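Residue numbers (my numbering): 225 to 638.
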């Protein structure tokens with residue numbers, strides 16, 4: 225007797241016919257997420273794909289299922305380090321990082337870092353973020369438009385902020401760009417190139433840690449070097465170095481991307497831009513809708529199943545690589561209502577987005593990212609009341625082959 229429900233049968237057949245899906249999925253333009261996600265949410269919420277590494281894996285696309293993958297401990301980060309485990313990219317993941325730990329090890333390290341990377345530290349940094357923002361806008365105002373917002377504003381601001389926070393020399397920012405590009409590479413770098421850049425960054429952070437030991441400082445890296453928990457336990461050397469790498473890469477790469485795409489969204493919706501200028505106190509909620517609508521990448525975090533897990537009437541076998549497609553979840557109509565692909569700052573559910581993840585691995589720097597976006601966007605549109613896009617939207621391109629996508633250029637005029 226066939227016991228398959230009418231809802232589950234199409235899912236199984238869809239998986240069988242979608243085995244040749246290649247991840248990452250193509251996006252038709254700089255302002256659209258891959259349209260295949262809408263099809264997958266409706267017909268094949270657990271889809272089998274070929275990963276950039278050549279391994280097979282699964283993409284989970286519905287909001288509730290993505291939350292499960294992000295929070296259920298059966299979906300492991302630490303298992304990514306196991307020999308023979310499916311890989312997202314050709315280069316193996318880096319051990320010793322929060323990105324490759326599960327509880328209780330993850331809990332221990334995150335607790336130590338969270339004691340220093342606090343909401344208060346971020347709050348105290350806000351006036352300095354405003355100063356750096358104003359300095360960049362002063363320089364931008366002296367230029368003759370059109371101007372590419374990326375090198376003028378979107379890139380230097382997050383780098384300046386993370387350098388200030390960590391206590392890293394800003395003059396090394398060009399090196400960060402090369403390192404970061406390698407760390408978030410899907411297909412744009414070979415495995416050898418990734419490993420070479422990784423070792424260069426490990427050496428740099430190792431030297432920085434040593435300097436912080438010799439010359440104690442009150443910045444975040446200085447605090448992490450000396451941090452202890454109640455039992456006197458210290459972050460190990462490799463944990464210190466990889467934490468510095470994590471904060472340095474994640475602390476600016478994603479925000480660089482978001483400043484450009486968020487500003488573009490506002491410029492494409494002049495009625496909402498005008499409303500924000502008239503009511504600047506709404507910036508917090510506007511930023512949440514911008515975070516929901518503008519993914520930092522076309523997929524999401526990667527996990528390995530520790531046992532067989534059933535999601536959406538589909539069994540994902542133990543040892544499988546699974547992508548939690550945040551960019552799809554954030555446009556799921558079952559969570560965000562009618563026309564979830566549209567920008568609507570009044571959307572009441574906007575703050576339910578998964579842009580910062582969910583569960584134990586919720587983004588450590590979420591408060592910092594929100595502060596930077598709120599200050600950057602508010603200050604930019606106030607300084608330039610006639611800010612406008614200086615090119616056709618159709619001409620804009622996104623970077624490709626990376627876990628984090630950004631606009632290749634963002635020409636603006638005023």
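In this text, a Cβ means the ideal position worked out from N, Cα and C, and glycines have one as well.
In this text the structure is predicted, and so the values were computed from the model without any measurement.
By the Cβ test, the region 329 to 346 is in contact with the region 580 to 596, since at least three Cβ pairs between them sit closer than 8 Å.
Only buried fits residue 513, as 16 or more other CB atoms lie within 10 angstroms of its CB. By the neighbour-count criterion, in which a residue is buried when 16 or more other Cβ atoms sit within 10 angstroms of its Cβ, residue 450 is exposed. Residue pairing by DSSP places residue 372 opposite 635 in a beta bridge.
The closest CA to that of residue 377, considering only 625, 599 and 610, is found on 599. Judged by DSSP in its simplified three-state form, residue 622 adopts strand. About 22 Å separates the beta carbons of residue 286 and residue 310, which is beyond the 8 Å limit, so they are not a contact pair. With respect to the 7 Å criterion, residue 547 and residue 565 are not classified as neighbours on the basis of their beta carbons. Residue 391 is not a Cβ neighbour of residue 631, given a cutoff of 7 Å. Each of 448, 622 and 470 was checked against the Cα of residue 520, and the nearest Cα belongs to 622. The straight-line gap separating the alpha-carbon atoms of residue 518 and residue 489 is approximately 8 Å.
Pairing residue 370 with residue 614 gives a Cβ-Cβ distance under 7 Å.
294 is the residue among 254, 294, 545 and 263 whose C-alpha sits nearest the C-alpha of residue 579. When beta bridges are read from the DSSP output, residue 246 appears opposite 274. For residue 527, the enclosing beta strand (DSSP E) starts and ends at 526 to 529. The Cβ neighbour count for residue 368, taken over all protein chains shown within 10 Å, is under 16; the residue is labelled exposed. Counting C-beta pairs closer than 8 Å gives three or more between the region 544 to 558 and the region 276 to 285, which meets the contact rule. For residue 545, the enclosing beta strand (DSSP E) begins and ends at 545 to 548. The C-alpha of residue 616 lies about 43 Å from the C-alpha of residue 427.
By the C-beta criterion, the region 457 to 473 is judged not to be in contact with the region 350 to 368, since fewer than 3 inter-stretch pairs fall below 8 Å. In terms of CA proximity to residue 537, 267 leads the group 258, 267, 248 and 254. With a contact defined as Cβ atoms closer than 8 Å, residue 382 and residue 479 qualify at about 4 Å. In terms of Cα proximity to residue 301, the closest of 545, 458 and 635 is 545. By the CB criterion at 7 Å, residue 593 and residue 350 fall outside the cutoff. Residue 472 sits in a helix when the DSSP states are folded into three classes. DSSP places residue 281 in the uninterrupted beta strand (DSSP E) bounded by 280 to 284. Here residue 629 is buried. Its C-beta has 16 or more other C-beta atoms within 10 Å.
Between residue 475 and residue 589, the C-beta gap is smaller than 7 Å, which places the two residues in contact. Apart from the 5 residues on each side of it in sequence, residue 258 sits with its Cβ closer than 7 Å to the Cβ of 249, 250, 251 and 522 in its chain, given in chain order. Excluding sequence positions up to five before and after residue 341, its CB lies within less than 7 Å of the CB of 444 and 588, all in the same chain and listed in chain order. If the five residues before and after residue 380 are omitted, its C-beta is found closer than 7 Å to the C-beta atoms of 360, all from its own chain and listed in chain order. Annotation: the region 311 to 378 contains no complete segment of the beta strand (DSSP E) (minimum length 3 residues). When C-alpha distances from residue 506 are compared across 541, 535, 526 and 571, the shortest belongs to 571.
Nearest neighbour of residue 494 by Cα position, chosen from 420, 308, 567 and 265, turns out to be 567.
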